[in-house]
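Chains as they are written, first to last, in this note's numbering: chain E, 107 to 216; chain V, 18 to 171. Positions of the beta carbon are idealized from the N, C-alpha and C atoms, including for glycine. Computed from a predicted model, the values in this text were never measured in an experiment.
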């Protein structure tokens, strides 16, 4: 009988895949940020290295007003290309309590 | 005789215009509303109107694709793909949306994504560009659909 791949095994494999995909994503986001005068800030499980099989990628975008739209599109496409679900938020839209809450995890990509 | 399904398309267009128009109105009121309960009401009304406006816009585009016998995009990126598709002439039909309107639609799509995921984390007063996008759609969507209808079902 063909070996059964349990749901637990599938979930573990997907979690590992997502974490590896985030490592590749971080490189291209940092490169983009350097080239466009801004920065991306990874936070949450993707930044902590504790992604689960269904975790999305939490990213704040800190770019000049006229560069934000393109940075947003770039980050969204970069996530999709790696089969990651983006959860993107402009940095300057954030309330201070939220920034304080995620500060401990934050990983700057620039 | 014109296809009867334009009635549902027009209804979806009217809903998009109505919601996005209200969203602009609520947005202007946020800044000057200081009482906690009133502020919350206006913020929630704004957020909900923006989301409903974009959902109505998507409903419009999906119904138009259906009218054309064109399969709607699927998969995790279908919301973005729908707008991209609408901005392109394809298989004997013109583009449904001009580039400038499609760009505005992409802005309101991204706003909706933020609102759904981070509704308690961001300051609504900073979402000016999304509101401008909503305004553009409210003012141009009816004529865009009318142009498309004239070409496809004269």
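What residues from chain V crowd round residue i, counting only those whose CB sits closer than 8 Å?
{"i": "residue 195 of chain E", "result": "131, 134, 135, 138, 139"}
{"i": "residue 191 of chain E", "result": "93"}
Rounded C-beta distance between residue i and residue j? I'm assuming under 8 Å.
{"i": "residue 183 of chain E", "j": "residue 146 of chain E", "result": "Between residue 146 of chain E and residue 183 of chain E the Cβ distance is about 13 Å, and since that is not below 8 Å, they are no contact."}
{"i": "residue 26 of chain V", "j": "residue 46 of chain V", "result": "So it is not a contact: roughly 31 Å between Cβ atoms."}
{"i": "residue 211 of chain E", "j": "residue 169 of chain E", "result": "The Cβ separation is near 21 Å, so there is no contact."}
{"i": "residue 29 of chain V", "j": "residue 73 of chain V", "result": "5 Å"}
{"i": "residue 146 of chain V", "j": "residue 115 of chain V", "result": "The Cβ separation is near 18 Å, so there is no contact."}
{"i": "residue 138 of chain V", "j": "residue 201 of chain E", "result": "6 Å"}
{"i": "residue 205 of chain E", "j": "residue 163 of chain E", "result": "Wrong, their Cβ atoms sit about 18 Å apart, outside the cutoff."}
{"i": "residue 119 of chain V", "j": "residue 103 of chain V", "result": "6 Å"}
{"i": "residue 41 of chain V", "j": "residue 135 of chain V", "result": "Actually they are not in contact, since the Cβ atoms of residue 41 of chain V and residue 135 of chain V sit about 21 Å apart, beyond 8 Å."}
{"i": "residue 136 of chain E", "j": "residue 216 of chain E", "result": "6 Å"}
Give the interface partners of residue i over in chain V, defined as CB-CB distance under 7 Å, in chain order.
{"i": "residue 198 of chain E", "result": "143"}
{"i": "residue 146 of chain E", "result": "Ordered by position in chain V, no residue passes the 7 Å Cβ test against residue 146 of chain E, which lies about 15 Å from the chain."}
Along the chain, where does the alpha helix (DSSP H) that runs through residue i open and close?
{"i": "residue 157 of chain V", "result": "145-169"}
{"i": "residue 113 of chain E", "result": "113-142"}
{"i": "residue 174 of chain E", "result": "171-187"}
{"i": "residue 102 of chain V", "result": "95-103"}
{"i": "residue 83 of chain V", "result": "53-84"}
{"i": "residue 215 of chain E", "result": "Counting along the chain, residue 215 of chain E falls outside any alpha helix (DSSP H), though it belongs to the beta strand (DSSP E) covering 213-215."}
{"i": "residue 47 of chain V", "result": "23-48"}
{"i": "residue 121 of chain V", "result": "116-134"}
{"i": "residue 203 of chain E", "result": "202-208"}
Under 6 Å: does the beta carbon of residue i sit that close to some heavy atom of the ligand FAD?
{"i": "residue 174 of chain E", "result": "Absence of the ligand FAD is noted for the structure shown, with no ligands found whatsoever."}
Which residue comes first and which comes last in the beta strand (DSSP E) that contains residue i?
{"i": "residue 168 of chain E", "result": "163-168"}
{"i": "residue 139 of chain V", "result": "No beta strand (DSSP E) holds residue 139 of chain V; DSSP gives it neither H nor E."}
{"i": "residue 190 of chain E", "result": "Looking at the DSSP string, residue 190 of chain E is not in any beta strand (DSSP E), and its letter there is neither H nor E."}
{"i": "residue 147 of chain E", "result": "145-149"}
So with CB distances below 7 Å, who are the chain E contacts of residue i?
{"i": "residue 127 of chain V", "result": "178"}
Counting only beta-carbon atoms, is residue i nearer than 7 Å to chain C?
{"i": "residue 123 of chain E", "result": "In the displayed structure, chain C is absent; the protein chains listed are E and V."}
Which residues, in chain order, does the segment 202-213 of chain E contribute to contact with chain V at a C-beta distance below 8 Å?
204
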